[in-house]
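Reviewing the structure listed below.
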């Protein structure tokens with residue numbers, strides 16, 4: 007599929023471009039992203055060891071704006087230690103003024119893995135408090151935990167909202183997130199015909215509430231199971247969303263990218 011460069015650039019709101027999966031061909035991956043109309047990529051951290059590396063400009067020649075979020079992913083609780091949240095607070099105080107630092111995350115609750123629930127709840131609450139203190143949006147990962155996430159967000163009311171990554175909750179939960187100032191991230195999941203609930207939500211929620219993502223190298227699109235995902239696939243997600251909503255690809259690109267820029271303050 008060829009991108010019409012008269013269209014607004016696409017925004018991959020969630021891509022782990024720094025993962026070692028891309029070490030051998032990161033430049034070529036970004037070339038393909040540019041060819042697919044990608045103009046912006048947000049890279050969320052998953053562990054403390056990534057923060058310093060992420061704030062350094064990525065040596066790329068492609069015309070893509072790279073922004074980052076800093077946080078501690080709930081899936082990797084075994085890698086997180088006492089003091090990491092305090093370290094995140096200090097790191098944000100030192101580097102908040104960098105234009106690439108736009109959010110806190112990836113954080114959240116993952117009750118599918120089922121490990122350390124109390125530690126997850128404590129750490130996620132700490133991230134939300136930091137979002138309030140530093141006035142930054144959140145990038146939130148939630149599995150089997152949306153009610154608990156919503157409870158914490160209602161309690162603390164982070165002023166900049168954020169993005170609920172890879173949204174798969176109910177319509178009521180979606181509307182509750184929207185009331186709290188959050189956007190909902192949709193990626194390769196909507197390309198699967200069997201994902202009827204998620205496809206229905208992506209097609210009927212206000213377009214102003216939707217952002218696009220890949221979660222690359224994970225979450226491959228339908229027909230690409232077992233293959234590495236990459237940011238250029240946002241074009242296929244956008245094309246699928248345009249078809250589901252019966253609107254143009256240009257409309258999807260313009261609205262979803264503007265939604266990201268609004269959340270991240272770009």
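In my numbering, the protein residues as written are 7 to 272. For glycine and all other residues, C-beta sits at the position ideal for the given N, C-alpha and C.
According to DSSP, residues forming a beta bridge with residue i
i           : result
residue 189 : 169
residue 116 : 149
residue 16  : 44
residue 71  : 46
residue 66  : The partner list for residue 66 (beta bridge, DSSP) is empty, contrary to what the question assumes.
8 angstroms Cβ cutoff met for residue i and residue j
i           : j           : result
residue 162 : residue 135 : yes
residue 49  : residue 16  : no
residue 189 : residue 158 : no
residue 117 : residue 151 : yes
residue 80  : residue 40  : no
residue 54  : residue 36  : no
Contact set for residue i: own chain, Cβ-Cβ below 6 angstroms, skip 5 residues either direction
i           : result
residue 108 : 73, 270
residue 57  : 51, 76, 97
Environment of residue i [buried if 16+ CB atoms lie within 10 Å]
i           : result
residue 52  : buried
residue 113 : buried
residue 104 : exposed
residue 214 : exposed
residue 85  : exposed
Nearest to residue i (by Cα), restricted to the options the options
i           : options            : result
residue 21  : 231, 264, 226, 232 : 226
residue 30  : 207, 234, 98, 152  : 234
residue 111 : 158, 150, 69, 145  : 145
residue 11  : 265, 266, 259      : 259
residue 62  : 89, 90, 232, 101   : 101
residue 198 : 152, 247, 216      : 247
residue 223 : 231, 263, 236, 126 : 236
residue 43  : 59, 209, 13        : 13
residue 9   : 218, 242, 251, 252 : 242
residue 267 : 175, 143, 254      : 143
residue 38  : 239, 115, 204      : 239
residue 263 : 251, 217, 254      : 217
residue 229 : 219, 249, 196, 210 : 196
residue 250 : 220, 208, 272, 92  : 208
Any non-hydrogen atom of the ligand GDP closer than 7 angstroms to residue i Cβ
i          : result
residue 22 : This structure does not include the ligand GDP; it has no bound ligands of any sort.
Neighbourhood of residue i by C-beta, 8 angstroms cutoff - its chain only, sequence neighbours within 5 removed
i           : result
residue 212 : 184
residue 182 : 156
Residues near residue i in its chain [Cβ-Cβ closer than 7 angstroms; skip 5 each side]
i           : result
residue 131 : 158
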